[in-house]
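Accompanying notes for the structure given below.
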């Protein structure tokens, strides 16, 4: 198993503000592997980069709790057993570069990191990490370029088409993308995921999978932690978190695997609303 180590509004209890999940443009049906640049720039304002010791490490998503505190959601395998002070969160970026000036780019310090207590580094079950942003009340985050996403308000729906983004490789074995890429692809039924990936690799209690039979649409190296999100009820909701792929990138009958946000919602609520 190879980790993809790169790249919210609820019914009932709310995880984030009601005006979460507002994008600055429509989704398009394009690829990350083989890929197309996000246009317009900063269309997906919740997407951010996790920087470790000056190096792009993984991607993630900005969310906000009911007390207006901010958090950055990524995979556990990106942050497990690494001190919080080794990371910086970069928001408001389209380019995977420090030399290109972006007027609304912000760098946020990490206060603490919480990974799921049942995360398994061998199977990647419960592959989710929550980074609490330091001094969030003092940071003017809410604007067109930086805005939180909504959390999933229902279980994933087979054949629902959703969007995935990242700065990962544009093809298997390639280098990181210089700009944020996007793709649209369907969520697969858990039975199909198990058939194509094997029951030892796909664990439906905390995972979902997405792909097309012929391949060609996929996340790839350095896309880990990035969001997989669906448009529901007028808002974009975080449905999955890019976790791993078994057989390279974009190969036929080899869907990508994502952490299932709906299944882990109770745990996420308990963490972010306890601060």
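Residue numbers (mature numbering (1 follows the signal peptide of the UniProt record, and there is no 0)): -17 to -1, 1 to 258.
The beta-carbon is built from N, C-alpha and C at its ideal position, and this holds for glycine as well.
Just measuring C-alpha positions, the residue of 100, 135, 114, 40 sitting nearest residue 218 is 135. Pairing residue 241 with residue 80, the inter-Cα distance amounts to about 26 Å.
A residue is called buried when at least 16 other Cβ atoms come within 10 angstroms of its Cβ; residue 142 does not meet this threshold and is exposed.
Under DSSP, the beta-bridge partners assigned to residue 95 are 115.
Taking 8 Å as the upper bound for CB-CB distance, residue 171 and residue 194 are in contact here, some 7 Å apart. The DSSP assignment places 30 to 35, 38 to 47, 53 to 57, 70 to 74, 89 to 98 as complete runs of the beta strand (DSSP E) inside the region 19 to 99, in order along the chain (cut-off: 3 residues).
Boundaries of the beta strand (DSSP E) around residue 219: 218 to 228. With a contact defined as Cβ atoms closer than 8 Å, residue 110 and residue 67 miss out at about 18 Å.
Here residue 159 carries a strand assignment [DSSP, helix/strand/coil]. The DSSP-derived three-state label of residue 168 is strand. Between the alpha carbons of residue 114 and residue 96 lies a distance of about 5 Å. For residue 249, the enclosing alpha helix (DSSP H) has its first and last residue at 248 to 255. DSSP places residue 213 within a strand segment (E or B) once states are collapsed to three. In terms of Cβ geometry, residue 189 and residue 252 do not form a close pair [threshold 7 Å]. Between residue 93 and the set 128, 54, 100, 228, the nearest pair of CA atoms involves 54.
Under the DSSP assignment, residue 145 falls outside any alpha helix (DSSP H), being part of the beta strand (DSSP E) whose first and last residues are 144 to 149. Take the alpha-carbon of residue 27 and the one of residue 128: they are about 8 Å apart. Between the alpha carbons of residue 42 and residue 78 lies a gap of roughly 13 Å. Rounded to whole angstroms, the separation of the alpha carbons of residue 140 and residue 70 is 34 Å.
With a threshold of 16 other beta carbon atoms within 10 Å, residue 130 meets it and is buried.
Where residue 243 is concerned, the enclosing beta strand (DSSP E) starts and stops at 239 to 243.
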